[in-house]
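Asks: Let me begin by handing over the structure; questions about it come next.
Chains as they are written, first to last, in full-length UniProt numbering: chain A, 1 to 324; chain B, 1 to 324; chain C, 1 to 324; chain D, 1 to 324.
As structure tokens, this is what we get:
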């Protein structure tokens, strides 16, 4: 292996830059020529590829977003698009790939590898922490802390006005952000896609709190909860409890994706980036690098996409006990 | 004057606690007995009043929200309600009041003073900075910094994906938060209630940026803009520009109200609190304390409510020049 | 078991309050009467003990420091002192203890348990992460993030002035904070007590960076490094390299202990607090609760104190590779 | 005027980049060719000068430090050095200069202007706020907030352990940072170079607090206080009070210079940058742009350097009243 290219794809996540830095410097350290592909699969097709040296990744470990940019590519979903991508890579002499991203990224990588066999190792970069094969994904810890800061701020208002706040956080299929920011923020209730929390139970809990003279309550809702989005849920509950509770809603939205990465994400991203490039050098292919129980492991792309990642049931139980 | 009571009313704002601390300690320093009324006018009616000493306000200068809580009181809008409030105050021997809040708070205070003549001095506590009689209100600087942090985070994603973001910030009648966070965040466009920004102009600016190879753009929208809320504006623009621009929307919402106050707000709150209590001792009444050109001034409640507070036109001009 | 008392001891650490909250609410949830001992062993002797209910621990999950305060107690090191402590506990009917703290705390708990057999479970609360029996201690993640924020700020100046900065972080016997904040902050060199980094090597690395046109460099030094404190090390190096490098030093100091806890520390503290009280109920005694590989484990106090906690050698290797 | 060059000099300050952006875009907006000089007077001599366009200053409004770097130049203090600088500027056709910096920067600019008459306008960029001719300097608000965050963290520990903390902040000749962060942080005492606070008084205040059952105290010391540096002062006081008070010291150091600028500093920097370039175009020369009472004013360099900037005596009085 001589020339390896790296790209980011899918939604950006804090720590992607720290990961890029680790891959590039790790590759150079081991004697490889390193290249960056701009805008993921789209740049792979259009040939937006540039040589990277140690200085190209200076002073980025602390930055949010991705210096290699990210974009969707419909064209890469077609055999013709992938053929173009392959031709471009060949014209640059690329003989190895590092892909940073999530589900969609690895689905593409899996298909591409099966067709053209360019050795590829992935790094899990997504705030949702919904990938099998790693305890945590790059960006998750930062997203949780960002959500938590927002919850801390909202609690000031909730307490000052004796209000109930429904706060929606990211997580279409996964309640990880909701649970962790809920526990961290001292939420009374956390609603996640993985388990069903009936509205009746939410109402009972809120009313009970009221009786125990709780002056305010926080309900954290993952965007993918089966009872609907936070505004919808709040509306339903308002209808049932009337004026007794002063209910407000806020949706955190895009702020959860950005920001400089936390220490945890910088270190995780560095370990995974270095692990991925060294894995690639040592013959790993068609796999994602992950950290499980503090060890570096490689999991086939197909498993990272298809296998379910169970939620921590004991954390949900904890929400209940700690909010009494 | 012997016994002075303090209360907070209206939406909570960061720095209210620093202001309470300055009022209480300033009063005690000058030999007064100090009382806190819980939940504003509502607590004034129900008699939720407590003695405060120096220790009651320890370790709160850095906290968001208000330890005296805030609430709406319909009853205080009626003569009967105000009579009850007056009776309660008399029964506690209160002969002076400090009111921290915004428009609604001072409207109530004005009416109450005209009826019962209890000397009252106000402190401007609202994130909107929409009160005549002070350059800045308590909470404004913190709200701007909170919005700015959010914009900084969103810019990471905007840059990574070459997107246009419409970000809605607070300000029903006032564009102060929008303008300051827009300039601070390097926004391409700022839309405020005070001046009309036609959608045509917004589109032209965004397209021009595109031609000059700006990879992403930020538009900050005050919630009270005459073109509508951010999601609405974004929808209209999407219809006109089609797929050329990848447009996203986010509404910052309640996070802007909370959080520990900035240095600026803590100092402003401390100066206004101390100024208000010393003003009250010196015979000021029915006025709001403010800082204009770095000097303490007192403005009749009626003027703070009715007189318009002009926006900085030169700051809007600056947005335009600095986004080229 | 009916009455359990909790106390914090040793240096304060962010997350101690979240842990107190989890212990108290967990105990109440399981039907126990919960008590708080103020100022650790010192309050145990003087009888500064108070009943705690659910509301006593409201709104503290996000606060730094410890609401139960901490203090050194020389008296507890004597048999007479411990006798007094025992008598006080008996007079309150306390039949179980939860101790939050570090090395010194558990040494005291071990001795006390051997003498009086009151079942005691510990929670690891120290920013240094130097306790065997848990992957991470409460407060460590926050301390690393605080150090990292400081390093990020100093790098601005280092880059602007092409300087070399020596930054001293906490860690008398342990390089954990230094290594993690060094990797996260993109440091060129990390010096820790566990391994010896000769000054010659430091100089070579700095000079090499200079040749590769690195405009600035960061060296993170743990306070317990065998080459001395950061100012000392910097002085020695200045003598050898002369004016070629513009060297500055900063010691982060006490800011590393304080601040609201990160999400990670709040969740860790909550898990350990709940785990400790449930462990105590289930018969655990004379042990510390810890999380190893994401599982709750109990380790005898004697092991937590005496067994060495190895540093991550692979992280040190990473510093070297990533700084090229 | 056709070609204007901008440079930063002296210690870096947060907001310098926002100022560079405003100068460059303002100049381009008004039809000028804009140039950046790297490393201040040193780069002016060596000819490290580059053309700047709108994109050169993209995405820097939020960054600490200075992208144009800063350095000391002994050579510029000599007539020969300044001759070289002049020749370099002439060879690039530069006919106007914008200098961002503090005292030393403007002293150099004053001498240079008197010798060679290249129209020069300055922008006050220094965290110390020690320049006459502007209410606040670029970087001051950020430095105060950074100090305040540190004080907030240290208070957690001070409270948890009932300690007295002496915290040294920057300010060799000026107590501005000390006073504002002291008030904001709820300090019991603030010691500044402008007024003398006898140690006897410090001791009395600390002891009084103790009697009023204050559990902890914060003393903020400006580095230029006439009683010495914080460690020295603490040592003297320890000798006099003995073990009664548990006294600790921390010196904030270089973290105060760095970090992304606050909203206030970004807006101030933008206003001053645009004001400076438009002033230069309109014929201003040998002056510094400042904001006094919210208006843009120009003050001769010689006055900004020589005239004293008085401290807010009323703020010092406030520290005393608010710490009771």
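Just so you know, even glycine gets a beta-carbon here, dropped at the ideal spot from N, CA and C. Everything numeric in this text was worked out from a predicted model, so none of it was measured.
Alpha carbon to alpha carbon, what distance is there between residue 184/A and residue 209/D?
Replies: Answer to the nearest angstrom: the Cα atoms are 35 Å apart.
Asks: By how many angstroms is the C-alpha of residue 88/C removed from the C-alpha of residue 79/C?
Replies: Spanning the two alpha carbons is a distance of roughly 14 Å.
Asks: Can you find the residues in the same chain that come closer than 6 Å, C-beta to C-beta, to residue 102/B, ignoring five residues on each side of it along the sequence?
Replies: Around residue 102/B: 10, 126.
Asks: May I ask you to list, following chain order, the residues of the segment 63-97 of chain C that have a beta carbon less than 8 Å from some beta carbon of chain D?
Replies: Correct list: 63, 64, 65, 66, 69, 70, 71.
Asks: Can you give, in chain order, each stretch of the alpha helix (DSSP H) that sits fully within the segment 70-94 of chain A and has at least 4 residues?
Replies: Listed in chain order, the complete alpha helix (DSSP H) runs (minimum 4 residues) inside the segment 70-94 of chain A are 79-92.
Asks: Using the Cβ count rule (16 or more neighbours within 10 Å means buried), how would you classify residue 204/B?
Replies: Classification for residue 204/B: exposed.
Asks: Comparing C-alpha positions only, which one of 274/A, 287/A, 296/A sits nearest to residue 27/A?
Replies: It is 274/A.
Asks: If you draw a straight line from the C-alpha of residue 16/B to the C-alpha of residue 180/A, how long is it?
Replies: Distance between the alpha carbons of residue 16/B and residue 180/A is about 30 Å.
Asks: Pick helix, strand or coil for residue 268/D, following the three-state DSSP scheme.
Replies: If DSSP states are grouped into helix, strand and coil, residue 268/D belongs with the helices.
Asks: With a CB to CB cut of under 6 Å and the five nearest residues on each side skipped, what residues in its chain are close to residue 31/A?
Replies: Around residue 31/A: no qualifying Cβ.
Asks: Classify residue 239/C as helix, strand or coil using the three-state DSSP reduction.
Replies: Three-state result, residue 239/C: helix.
Asks: Would you decide whether residue 261/C is buried or exposed? Buried here means 16 or more other CB atoms lie within 10 Å of its CB.
Replies: Residue 261/C is buried by the Cβ-count criterion.
Asks: With 9 Å as the C-beta to C-beta threshold (strictly closer), list the residues of the segment 252-266 of chain D near chain C in chain order.
Replies: Flagged, chain order: 252, 253, 254, 255, 256, 257, 258, 259, 260.
Asks: Identify the continuous beta strand (DSSP E) that holds residue 187/D and give its terminal residues.
Replies: Unbroken run through residue 187/D: none, as it is neither H nor E.
Asks: Just to confirm the assignment: which complete alpha helix (DSSP H) runs, minimum length 4, are found wholly within the segment 21-59 of chain C?
Replies: DSSP runs (the alpha helix (DSSP H)) wholly in the segment 21-59 of chain C: 40-46.
Asks: Which residues of the segment 167-181 of chain C have a Cβ closer than 7 Å to any Cβ of chain A? Give them in chain order.
Replies: Correct list: 180, 181.
Asks: Is the beta carbon of residue 164/C less than 8 Å from the beta carbon of residue 221/C?
Replies: No; because the gap between Cβ atoms is not below 8 Å, this pair is not in contact.
Asks: For residue 141/C, which residues of its own chain have a beta-carbon under 6 Å away from its beta-carbon, when the five flanking residues on both sides are left out?
Replies: Closer than 6 Å at Cβ, skipping near neighbours: 262, 264, 265.
Asks: Taking the DSSP output, what are the residues bridged to residue 168/B?
Replies: Looking at the DSSP assignment, residue 168/B forms a beta bridge with 221/B, 251/B.
Asks: Could you give the DSSP three-state label for residue 3/C: helix, strand or coil?
Replies: Residue 3/C falls in the strand class under three-state DSSP.
Asks: With 8 Å as the limit, tell me which residues of the segment 44-62 of chain A have their beta carbon closer than that to any beta carbon of chain B; keep them in chain order.
Replies: Correct list: empty, as no residue qualifies.
Asks: Counting only the same chain and skipping the five closest in sequence on each side, list residues whose C-beta sits under 8 Å from that of residue 154/C.
Replies: Closer than 8 Å at Cβ, skipping near neighbours: 165, 167, 218, 250.
Asks: 8 Å is my cut-off, CB to CB: does residue 21/D come that close to chain C?
Replies: With 8 Å as the cut-off, residue 21/D does not count as an interface residue toward chain C.
Asks: In whole angstroms, what is the alpha-carbon distance linking residue 133/B and residue 298/B?
Replies: When rounded, the distance between both Cα atoms is 7 Å.
Asks: Does the pairing of the segment 64-73 of chain C with the segment 38-46 of chain C give three or more beta-carbon distances under 8 Å?
Replies: Contact holds: three or more Cβ-Cβ distances are below 8 Å.
Asks: Does the contact criterion of 3 or more C-beta pairs under 8 Å hold for the segment 277-291 of chain B versus the segment 114-121 of chain B?
Replies: With a cut-off of 8 Å, the segment 114-121 of chain B and the segment 277-291 of chain B count as touching, because enough Cβ pairs lie within range.
Asks: Enumerated in chain order, which unbroken segments of the beta strand (DSSP E) with a length of 3 residues or greater are wholly contained in the segment 98-173 of chain D?
Replies: The qualifying runs are 120-124, 164-169.
Asks: How many angstroms separate the CA atom of residue 231/B from the CA atom of residue 52/C?
Replies: Taking the straight line joining both Cα atoms gives about 48 Å.
Asks: Nearest to residue 36/A by CA position, among 245/A, 74/A, 96/A, 1/A, is which residue?
Replies: Selected option, being the one with the closest Cα: 96/A.
Asks: Name the DSSP beta bridge partners of residue 96/D, please?
Replies: 4/D.
Asks: Using three-state DSSP, classify residue 17/A as helix, strand or coil.
Replies: In the structure shown, residue 17/A sits in a helix (DSSP, three-state: H, G or I).
Asks: Kindly indicate if chain D contains any beta-carbon less than 8 Å away from that of residue 150/C.
Replies: It does: the Cβ of residue 150/C has a partner Cβ on chain D nearer than 8 Å.
Asks: Could you compute how far the alpha carbon of residue 186/A sits from the alpha carbon of residue 24/C?
Replies: Rounded to the nearest angstrom, the two C-alpha atoms are 14 Å apart.
Asks: Between the segment 237-253 of chain D and chain B, which residues of the former have a C-beta closer than 9 Å to a C-beta of the latter?
Replies: Under the 9 Å Cβ criterion, the segment 237-253 of chain D contributes no residue.
Asks: Straight-line CA distance for residue 246/D to residue 214/D?
Replies: One C-alpha to the other measures close to 13 Å.
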